[in-house]
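Engineer: If you scroll down you'll find the structure; I have some questions about it.
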Amino acid sequence: MGQKTPLYDEHVADGGKLVDFAGWDMPINYGSQIEEHNKVRTDAGMFDVSHMTVVDLTGDRTREFLRYLLANNVDRLKESGKALYSCMLNADGGVIDDLIVYFLRDDFFRMVVNAGTRDKDLAWLQEQSAAFDVAVTERSGLAMVAIQGPNARDKTLPLLSDAARAFAGDLKPFFGAFDGDWFIARTGYTGEDGFEIILPADEAAAFWSKLRAAGVWPTGLGARDTLRLEAGMNLYGSDMDETVSPLESALGWTVAWEPADRDFIGRKAIEAQRKAGTQQKLVGLLLVDRGVLRNHQKVVAGDGEGEITSGSFSPTLQRAIAFARVPKETGETCQVDIRGKLLDARVVKPPFVRNGEAQIDL
Amino acid sequence: MSNIPVELKYAKTHEWARMNDDGSVTVGISDSAQDQLGDMVFVEVPEVGQTVDAGEACAVVESVKAASDVYSPVAGEIVEVNDGLADSPETVNQDAYGGGWLFRMKPGSAVDLDAMMDSEAYAGFLEAEDH
């Protein structure tokens, strides 16, 4: 048995199929993954993401620390509540993790990192923060629920406290704010509008029940994966890890090169890589032939070879889609080895789907 | 609980087989198997005329989660395949023992489905696998 989130009993009651995910017993689906996926694209679904790690960083030099720690630049965060997506790199430019960091006050930032990388992330944060006298506090007494879909905000707002309702409806995308112990952010991992809400563990089950009663569908990790893939969002451990840089992971846009004198961990390594040019790139694939793209299938592109890092069937497009790491010369088409047969695929630019609409030509 | 019709035979790899009046054998995957795999999105059936050995992987069912081989429970020649699954693979989820059949085969020699599990044995097998 793995660790249980504060919503474990709700998942059992909702008929969730529980699987091990990074040491946690998590629902992969509650019956039909495709139905759950479609609910998020057309209405509203909710995910228990309490397994993710919330870390509070406090101290006068927190901003300075993050400016050094992250490949993206926290100086982009000027307004309280604003969030930033960034990679945390090692000295070689490899990706230790990808994360979201919220600027709350100059001496208080909140970070959400992946469950599967918790231990090494915390160790890295402790090690790197020492010189800045920043306190790294894991907030383990919290739950986290993501409510996503075109109707997610409308269905969630009436369930919040009066104080939260007063600001939550006006939150701009990629902003969050506190309501007492609750933290409400307009962020997500699906390509749809919605909230991610961090709340005290002992209030999570009641909130989940209210959401369910409001017609928000329990949605498992299976749909979370197909939704984020359609939305063109990387998954740590599949699409990137410590052996590759952001430049080889379609995450160059998250690296803040300016100002040129900002020293951040991994900068030298990826700067050299940028100058020399990367040998491989991460692209989107759309399978032209019938079949399903899967992780680790071999990609044949001209004289070179690559590999699918995330592949699945897209419920929204009704086609097989993937991310693949391929040689930099790869053009507009390639082939994928599926059980010994080479099937044709098109190279496309993610996202595949945003706000319920296809973003690529089929 | 899983639906396990008594008139069918079952394999450890979760195929079901039905002996038809004309001596042919129809094959599909069990209700438990489709439930484990989840929403079907792609089914690859064998070709008519293809001969297969007992235990040979000759079809693939792919759910949104994973691809899974389907093994022929007996040796013989494929005489008919369920083409309709190309456009509606979800039939395997909705009607595993009916419209979700995968292929029909003519066994090579006097076929003996008795080597397969009956419904009671399969129910016990599922229970043991669950623990």
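Chains as they are written, first to last, in the numbering used here: chain H, 1 to 362; chain B, 1 to 131. In this text, a Cβ means the ideal position worked out from N, Cα and C, and glycines have one as well. Predicted model only: the values in this text are computed from it and were never measured.
1) Under three-state DSSP, which class holds H:P68?
2) Below 7 angstroms on C-beta distance, what does H:S32 contact in chain B?
3) Go through its chain and collect everything with a Cβ distance to B:N174's Cβ below 8 angstroms, but skip five positions before and after it.
4) Under 7 angstroms between beta-carbons, which chain H residues line up against B:A67? List them in chain order, please.
5) So with CB distances below 7 angstroms, who are the chain B contacts of H:F323?
6) Please report how far the alpha carbon of H:V369 lies from the alpha carbon of H:L247, in whole angstroms.
7) Taking the alpha carbon of H:P350 as the point to measure from, which residue in H:M144, H:A250, H:H51 has its own alpha carbon closest?
8) Can you give the Cα-Cα distance for H:T190 and B:V74, rounded to whole angstroms?
9) Note down, in chain order, all residues in the stretch 40-67 of chain B with a beta-carbon under 9 angstroms from any beta-carbon belonging to chain H.
10) Determine the DSSP secondary structure at H:Q33, reduced to helix, strand or coil.
11) Work out the CA separation of H:M144 and H:F175 for me, nearest whole Å.
12) If we call anything under 8 angstroms between Cβ atoms a contact, is H:L142 one with H:I197?
13) Should H:G16 and H:G220 be called a contact, given that it needs their Cβ atoms to be closer than 8 angstroms?
14) Whose Cβ in chain B lies nearer than 8 angstroms to the Cβ of H:S312?
15) Counting only the same chain and skipping the five closest in sequence on each side, list residues whose C-beta sits under 7 angstroms from that of H:R294.
16) Under a CB-based cut-off of 8 angstroms, is H:T226 close to chain B?
17) Considering only residues of the stretch 33-103 of chain H, which uninterrupted beta strand (DSSP E) runs meet the minimum length of 3 residues and lie entirely inside it, listed in chain order?
18) Using alpha carbons as the reference points, say which of H:Q3, H:E332, H:V326, H:D9 lies closest to H:A204.
19) Using DSSP bridges, identify the partner residues of H:I198.
20) Looking at the structure shown, is B:I4 part of a helix, part of a strand, or coil, going by DSSP?
21) Taking only the alpha-carbon atoms, compute the straight-line gap between H:S209 and H:F47 and give it to the nearest angstrom.
22) Using a Cβ-Cβ distance under 8 angstroms, would H:N38 count as near chain B?
23) Can you find at least 3 beta carbon pairs, one from the stretch 224-237 of chain H and one from the stretch 31-49 of chain H, that sit closer than 8 angstroms?
24) If you compare alpha carbons, which of H:A256, H:G356, H:R267, H:F352 is closest to H:V74?
25) Compare the C-beta of H:G237 with all C-beta atoms of chain B and state if any pair is closer than 8 angstroms.
26) Return yes when the Cβ of H:L160 is within less than 8 angstroms of the Cβ of H:A364, no when it is not.
27) Tell me the start and end of each unbroken beta strand (DSSP E) in the stretch 4-92 of chain B that is at least 3 residues and wholly inside, in chain order.
28) Less than 8 angstroms separating the beta-carbons of B:S32 and B:S68?
29) Could you tell me whether the Cβ of H:G356 comes closer than 8 angstroms to any Cβ of chain B?
30) Pull up the distance between the alpha-carbon of H:G81 and that of H:V55, whole angstroms please.
31) Based on the DSSP output, what are the partners of H:S314 in its beta bridges?
32) Between B:V48 and the rest of its own chain, which residues show a CB-CB distance below 8 angstroms, the 5 nearest in sequence each way excluded?
33) Name, going along the chain, the residues of the stretch 8-34 of chain H whose beta-carbon falls closer than 7 angstroms to a beta-carbon of chain B.
34) Checking 8 angstroms against the spacing of the C-beta atoms, do H:L286 and H:V353 come in under that value?
35) What does DSSP give as the partner residues of H:R346 in its beta bridges?
36) Within the 8 angstroms Cβ cut-off, does H:G304 reach chain B?
Structural biologist: Taking the definition as stated:
1) Residue 68 of chain H is actually Tyr in this sequence, not Pro. The answer is helix: DSSP assigns H:Y68 an H, G or I state.
2) D39
3) No answer is possible for residue 174 of chain B: the residues shown for chain B start at 1 and end at 131.
4) V292, R294
5) Going along chain B, no residue has its Cβ under 7 angstroms from H:F323, so there is no contact; the nearest lies around 17 angstroms.
6) Since the first residue of chain H shown is 1 and the last is 362, residue 369 of chain H is not available in this structure.
7) H:A250
8) 45 angstroms
9) V41, F42, E44, V60, E62, S63, V64, K65, A66, A67
10) helix
11) 16 angstroms
12) no
13) yes
14) V64
15) I308, G311
16) yes
17) 45-48, 53-58, 83-89
18) H:D9
19) H:M144, H:F183
20) coil
21) 13 angstroms
22) no
23) yes
24) H:A256
25) no
26) As shown, chain H starts at 1 and ends at 362. That puts residue 364 of chain H outside it, with no answer to give.
27) 15-19, 25-29, 40-44, 57-63, 67-71, 76-81
28) no
29) no
30) 15 angstroms
31) H:R319
32) I78, V79, E80, V81
33) N29, S32, Q33, I34
34) no
35) H:L286, H:T333
36) no
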